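Visitor: Would you mind keeping the following structure in view while I ask a few things?
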Amino acid sequence: MLEREYVVNNEVGLHARPAALFVQCTNKFLSDIYIQKGNKRVDGKSIMGVMSLGIGQGENIKIIADGPDENQAIEAIERLIHERFLDM
C-alpha cells in the first residue's frame, strides 16, 4: 500500500472536469485507489465520491493506492496533479 499527500493547485480544485479526469486515470489500474480530504475517504474510481469531497484550490489531499500496480497508479495520479489536471 502506498500513500502520498498533495496540494491541489489548479484553479477550480477537483470539481466536474478535473474530477472526471482523475477518475478516468484511476480506472486504468487494478489497484484499489482512495482519495482522502481531512477524515473523509472515498473511492478514487467513483466520480460521485470524488466530487463529494468538494476539494478546492490549495487544499491538501491524500491518495492511497493498494494493489498490483500501485506504483504506476501513484505515478500517473501524481503527473495529473502536477500538470493541474490538463488532458493526458
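Taking UniProt numbering, the leading residue of the sequence shown gets 1, the next gets one more, and so forth.
For glycine and all other residues, C-beta sits at the position ideal for the given N, C-alpha and C.
Since we're looking at a predicted model, the values are computed, not measured.
State whether the stretch 63-72 contacts the stretch 9-18, with contact taken as three or more CB pairs (one from each stretch) at a distance under 8 Å.
Guide: no
Visitor: Determine the DSSP secondary structure at residue 2, reduced to helix, strand or coil.
Guide: Here the question's residue 2 lines up with position 2 in the sequence shown. It is a strand residue.
Visitor: Since I believe residue 58 is in contact with residue 9 (beta carbons under 8 Å), could you give me their beta-carbon distance rounded to a whole number of angstroms?
Guide: As a working note, residue 9 is residue 9 in the sequence shown. As a working note, residue 58 is residue 58 in the sequence shown. Yes, residue 9 and residue 58 are in contact; Cβ-Cβ is about 7 Å, under 8 Å.
Visitor: To the nearest angstrom, report how far apart residue 6 and residue 63 are at their CA atoms.
Guide: For the purposes of this step, residue 6 is identified with residue 6 of the sequence shown, where counting begins at 1. For the purposes of this step, residue 63 is identified with residue 63 of the sequence shown, where counting begins at 1. Answer to the nearest angstrom: the Cα atoms are 8 Å apart.
Visitor: Assign residue 39 to one of three DSSP states: helix, strand, or coil.
Guide: Translated into the one-based positions of the sequence shown, residue 39 becomes position 39. If DSSP states are grouped into helix, strand and coil, residue 39 belongs with coil.
Visitor: Against chain C, with Cβ distances strictly below 8 Å, would residue 64 count as a contact?
Guide: Among the chains in the structure shown there is no chain C, since it carries only a single protein chain.
Visitor: Alpha carbon to alpha carbon, what distance is there between residue 84 and residue 65?
Guide: Position 65 of the sequence shown holds residue 65. Position 84 of the sequence shown holds residue 84. Computed Cα separation, rounded: 20 Å.
Visitor: Using alpha carbons as the reference points, say which of 80, 29, 45, 33 lies closest to residue 1.
Guide: Within the sequence shown, the letter at position 1 stands for residue 1. Considering only alpha carbons, the answer is 33.
Visitor: Is residue 86 buried or exposed, if buried means 16 or more other CB atoms sit within 10 Å of its CB?
Guide: Residue mapping note: residue 86 aligns to position 86 of the sequence shown, counting from 1. Burial call: exposed.
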